[in-house]
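Number of protein chains: 2
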Amino acid sequence: MASNASDHDTADARNTALAGDVDALAALLTPVLEALAAGARARGGPAPTGRPTELDASWRAAFTGPDDRSRSAPGAGIGAAAALSELVRTFAAGSVDPADPRCAAHLHCPPLAVAVAADAAASALNPSLDSWDQAPIGTSLEPAVVAELADLVGYPSTAGGVVTTGGSESNLLGLLLAREHARPGAVRHGLPAGRYRVFGSEVTHFSVHRAAGLLGFGEDAVTPVRTGRDHRMDPDALDDALSRTEHTPIAVVATAGTTDLGAIDPLPEIAEVARKHQVWLHVDAAYGGGALFSENLAPKLAGLRAADSVGLDLHKLGWQPVAAGVFLTRSATDLAALARRAEYLNPADDEDAGYTSLLGRSLRTTRRPDALKIAVTLRALGRAGLGELVDRCAALAEHAATSIGRQPALELYQPPNLTTVVFRFDGSDEVNARLRRALLAAGAAVVGRTEIDGRVWLKLTLLNPHATNADVDALLAAVVSAGTEELEAAR
Amino acid sequence: MASNASDHDTADARNTALAGDVDALAALLTPVLEALAAGARARGGPAPTGRPTELDASWRAAFTGPDDRSRSAPGAGIGAAAALSELVRTFAAGSVDPADPRCAAHLHCPPLAVAVAADAAASALNPSLDSWDQAPIGTSLEPAVVAELADLVGYPSTAGGVVTTGGSESNLLGLLLAREHARPGAVRHGLPAGRYRVFGSEVTHFSVHRAAGLLGFGEDAVTPVRTGRDHRMDPDALDDALSRTEHTPIAVVATAGTTDLGAIDPLPEIAEVARKHQVWLHVDAAYGGGALFSENLAPKLAGLRAADSVGLDLHKLGWQPVAAGVFLTRSATDLAALARRAEYLNPADDEDAGYTSLLGRSLRTTRRPDALKIAVTLRALGRAGLGELVDRCAALAEHAATSIGRQPALELYQPPNLTTVVFRFDGSDEVNARLRRALLAAGAAVVGRTEIDGRVWLKLTLLNPHATNADVDALLAAVVSAGTEELEAAR
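So the sequences go chain by chain: R and U. To convert, take the position in the first sequence, counting from 1, and add 202; that gives this note's numbering. To convert, take the position in the second sequence, counting from 1, and add 202; that gives this note's numbering.
In structure tokens, the structure reads:
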């Protein structure tokens, strides 16, 4: 607890109170909750209404204090409660609401209240996982959560892992360990001269390219392997590509749940090819990994346990506030490439005395215990409870596909794999793009879009387990209505 | 707002309520606040009492459900309120409390209640900064916060930047942009064969080595430049090293605020040398950057604006909950190496229509708006208010140094630069190490340690603006007492 010096007045004490003062924190959460509600009322729907340039101008004005030079930081400040009321209300009004069933564009889940509440505790205590004496219990909790999720994946008890900021960091870690596996010592001594290749499907997530760029292979090193219309990699084509390459293969990256179709690569066959060529297999299961909670859907991920490393995002099918990524390796010893000794964090004699450290699990140093909200959610709902939420979303996607199939103005790309539905309105690419922007500008709906085979498609990413079939139908009706208006306007 | 389906019973509705339901969130924050208070009472001091192995065993048992295989996720779950009460209380009791003046080991600040409250709003709304339609106002807010902090650094209005997870990510981004500057196209086409060097002081933070390892140079590529006993890099030695190297220099990394001494490299002289050799200058101001808020201390950072890139951490001298790192570049165009087009996130026609995106600012994809808590804090306290907190902590460090100087049993390494004080108890390295562990195991105090010139030193990192000189004296008395006990035990 803070020992407030008595020589500061009450207003100052309130403004500079530390979160360790639970009463002060409670007093400041009240205006936050009021501002969240007021902001939602002001928004009045799933998204703010207006064109982005106008909105941007008004928002920037809201952040700018009267003193132009100092922008968001006017001289002496306006005090904690006033700043929270004003900025949180503005922020809520200007946000899209993932808890509104009409907000269904992205892998951008509405977080569970229980997870948000747990995350507030992590913020208030502010432990950092880079040393035991900044996070005693955090140092025990994260490995327990990692073990739980490794078990979910089907890994043995010798698995290892770490909580990450998401799929991008997990993919980077996967490629980093793969690089060290293929070129031992590269972390220490540098990447030897050579040309390297990473193999993935044609729809491998761009964060894999970014990771390859970062690690010195170059984004160009990510080589697309023939992929079907269903966005699944062809294992024979992978075998062929690995047999023919003149360059050094670093990794095969398979995807379990693409962002558009939710497509899951044929994992058992890909694992067999990777093993045959002795290449590291990383599976990007950022989206699809959540299906493991569902008894109905888990069989789609058969073969996942054969991967050398896996990334999961519980801020997708796990209903956590960002960030809640998890990176897992089948063997904890593979994390050795990340090992690190720092005399001010994990001196050897402290470690000998039992003061272990998670410093060597992550590329980050200061690190928030995102494991807490995951642990609380798992304890609150159990795997079965999360699985039920996954099933509800998958059922919504099935319903959406059926509804789309019944409407002549809409075209379904293909039946859903997980909880996304890709479709288009019967009109040009431009009409599809414009109708989506029109719905957004009207604050009426947030629908996704993507491009497949050179055409614009629309997408619903159904992550709200409390949405109903009627909500989905209303959303599709809004798409048809907006599309019809765009068609008429174009005449 | 969530539209709860009526066919689920009340308990289920409460357990799976979304944070968009403000009443449900409020109802679950109540047990969290109670559990934080109860956990703090159970702890009864700055740290949990006990040996780490015993503590670990008891904590792991707390996370393990009755069903051994399912660990933290017993079959059906125990419900949201129960899980929060139980795990948050356990977590609080097992954490060290950075808001306790006896907790003074690391750059591990006690967060302001106002910042924690603002962060809860970010969690509840759960925007993600990788596309406009997941974070409309977030897309406007982050650049405003970045501009505010760039102004603080003294950068022109053409500066750019991004909020990061902390100094490690900022250092990685700095070296990545430096690599692209020295070897244009490396991100896209791979790092050309060659031997590369990064120059920094002998106490450059290890995250720079890690970044060099990641980027393909190898950790060995970080070349230490002669550094004084005061841990400041010698600019003449840097000039010499850059003149003599046979390898390709990628960057000079200067430090503004080392973790131990808070040492600030001579920035104007280093900038001149870097300019002379046309090498990218990145300044790791993760710790020292906060001194910019203080009119008294800001002059120590003169020359910072000459850097090509800078990293600041507002979760250090900024009292934010983790994470609140900021990476800044003097020229926004240097961020081009991070540019990225993804058809499902920022298609060109959407951008033309004003739907801008921050996707190309970060290596992360899904990204929490950590800018919100920073904006709210700046608005609440102003730069001046934060500067006052910095000054209070610097005054505590001055007081600590004076007190240490008066005690024969303690030796001061040197007068403080920022808010850390490095000292040792008059005994062997082992005695110093043991006394620190003894204080920790007794739950009495959390004191830092480090190694300088092969000797163990103790460290206070004073980041609690509400701590008093008496608190500091009590902490030093506890060190002397524990040291005396260790000396006696060793006899």
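Each residue gets a CB set at the ideal place from its N, CA and C atoms; glycine is no exception.
- Note that the C-beta distance between residue 645 (chain R) and residue 241 (chain R) is not below 7 Å.
- Excluding its 5 nearest sequence neighbours in each direction, residue 423 (chain R) has C-beta neighbours in its own chain below 7 Å: 398, 399, 400 and 414, listed in chain order.
- Under the 10 Å beta carbon count, residue 438 (chain U) is surrounded by fewer than 16 other beta carbons and is classified as exposed.
- The beta carbon of residue 557 (chain U) sits closer than 7 Å to some beta carbon of chain R.
- Counting of Cβ neighbours within 10 angstroms places residue 432 (chain U) among the exposed residues, the total staying below 16.
- Rounded to the nearest whole angstrom, the C-alpha separation of residue 672 (chain R) and residue 357 (chain U) is 53 Å.
- Taking residue 674 (chain U) as reference, the option from U:603, U:641, U:475 and U:319 with the minimal CA-CA separation is U:603.
- Cα atoms of residue 427 (chain R) and residue 632 (chain R): separation of roughly 30 Å, rounded to the nearest angstrom.
- Taken atom to atom, the span from the alpha-carbon of residue 534 (chain R) to that of residue 363 (chain R) is near 7 Å.
- The DSSP assignment places 362 to 366, 398 to 403 and 424 to 427 as complete runs of the beta strand (DSSP E) inside the region 358 to 436 of chain U, in order along the chain (cut-off: 3 residues).
- Collapsing the DSSP output to three states places residue 512 (chain U) in a strand.
- Contact between the region 617 to 635 of chain R and the region 650 to 669 of chain R is present, with at least three C-beta pairs closer than 8 Å.
- At least one beta carbon of chain R lies nearer than 7 Å to the beta carbon of residue 335 (chain U).
- In the three-state reduction of the DSSP assignment, residue 622 (chain R) falls in the strand class.
- Chain R places no beta carbon closer than 7 Å to that of residue 601 (chain U), leaving this residue out of the contacts.
- Around residue 396 (chain U), the same chain offers 450 as residues with beta carbons nearer than 7 Å, after the five sequence neighbours per side are excluded.
- Taking the CA atoms as reference points, residue 341 (chain U) sits about 55 Å from residue 611 (chain U).
- Counting of Cβ neighbours within 10 angstroms places residue 462 (chain R) among the buried residues, the total reaching 16 or more.
- Residues of the region 630 to 642 of chain R with a C-beta atom less than 7 Å from some C-beta of chain U are 635, 639 and 642, listed in chain order.
- Residue contact with chain U for residue 376 (chain R): absent (no Cβ-Cβ distance below 7 Å to any residue of chain U).
- In this structure residue 317 (chain U) is not in contact with residue 571 (chain U), their Cβ atoms being roughly 13 Å apart against a cut-off of 8 Å.
- Close to chain R, meaning a Cβ-Cβ distance shorter than 8 Å, are the following residues of the region 358 to 385 of chain U: 367, 368, 369, 370, 371, 374 and 378.
- According to the DSSP assignment, residue 517 (chain U) belongs to no beta strand (DSSP E), since it is labelled neither H nor E.
- With a 10 Å radius around the Cβ and a threshold of 16 neighbouring Cβ atoms, residue 323 (chain R) comes out buried.
- By the beta-carbon neighbour count (other beta carbons within 10 angstroms, threshold 16), residue 445 (chain R) is exposed.
- When R:503, R:692, R:578 and R:689 are compared, the shortest CA-CA separation from residue 233 (chain U) is found for R:578.
- Secondary structure of residue 463 (chain U) (DSSP, three-state): coil.
- Distance from residue 548 (chain U) to residue 540 (chain U) at the Cβ level is roughly 13 Å; contact not present, criterion being Cβ atoms closer than 8 Å.
- For residue 650 (chain R), there is no enclosing alpha helix (DSSP H); the residue is found in the beta strand (DSSP E) stretching over 648 to 654.
- Note on geometry: alpha-carbon atoms of residue 366 (chain U) and residue 526 (chain U) lie some 6 Å from one another.
- For residue 406 (chain U), the number of other beta carbons within 10 angstroms of its own is at least 16, and it is reported as buried.
- At a cut-off of 7 Å, the C-beta of residue 425 (chain U) has no neighbouring C-beta in chain R.
- Three or more pairs of CB atoms, one per stretch, sit closer than 8 Å, so the region 280 to 296 of chain R contacts the region 297 to 317 of chain U.
- With respect to the 7 Å criterion, residue 361 (chain U) and residue 243 (chain U) are not classified as neighbours on the basis of their beta carbons.
- The shortest CA-to-CA distance from residue 506 (chain U) to any of U:394, U:545, U:417 and U:456 is the one to U:456.
- In the structure shown, the three-state DSSP call for residue 545 (chain U) is coil.
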